[in-house]
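J.: Have a look at the structure that comes next, please.
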Amino acid sequence: MVVDFGGQYAHLIARRVRELGFYAEVVPHDYLGPGDVSSAGALVLSGGPSSVLEEGAPRLDRSLLELALKEGKPVL
1 MVVDFGGQYA
11 HLIARRVREL
21 GFYAEVVPHD
31 YLGPGDVSSA
41 GALVLSGGPS
51 SVLEEGAPRL
61 DRSLLELALK
71 EGKPVL
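Going left to right, the sequence shown walks through residues 1 to 76 as the numbering used here numbers them.
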């Protein structure tokens, strides 16, 4: 699953993953929920135009990241 933070490359990343023979879908960062994380084989976080240091920059909910790691999902 490619988590889109507003960048222009999320769909290209998903296409490359598919070309490698894996299922991939693009999900907006603010749409992602625990069920999505549990059903995904891996998470690829695709950056956006905001700096991670900017006030109000989009962020992945920490509990979702912890869930992915607890379940042994690769996170890139």
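Cβ atoms here follow ideal geometry from the backbone N, Cα and C, with glycine treated the same way.
1) Does DSSP put D36 in a helix, a strand or coil?
2) Flag this pair as touching only if the segment 66-75 and the segment 20-31 have three or more C-beta atom pairs under 8 Å; answer yes or no.
3) Just the Cα atoms here: how many angstroms apart are A14 and L20?
4) Within 10 angstroms of the Cβ of F5, are there 16 or more other Cβ atoms? Answer buried if so, exposed if not.
T.: In short, the structure shows the following:
1) In the three-state scheme derived from DSSP, where H, G and I count as helix and E and B as strand, D36 is classed as helix.
2) By the criterion of at least three beta-carbon pairs nearer than 8 Å, the segment 66-75 is not in contact with the segment 20-31.
3) Whole-angstrom Cα-Cα distance: 10 Å.
4) Flag for F5 reads buried.
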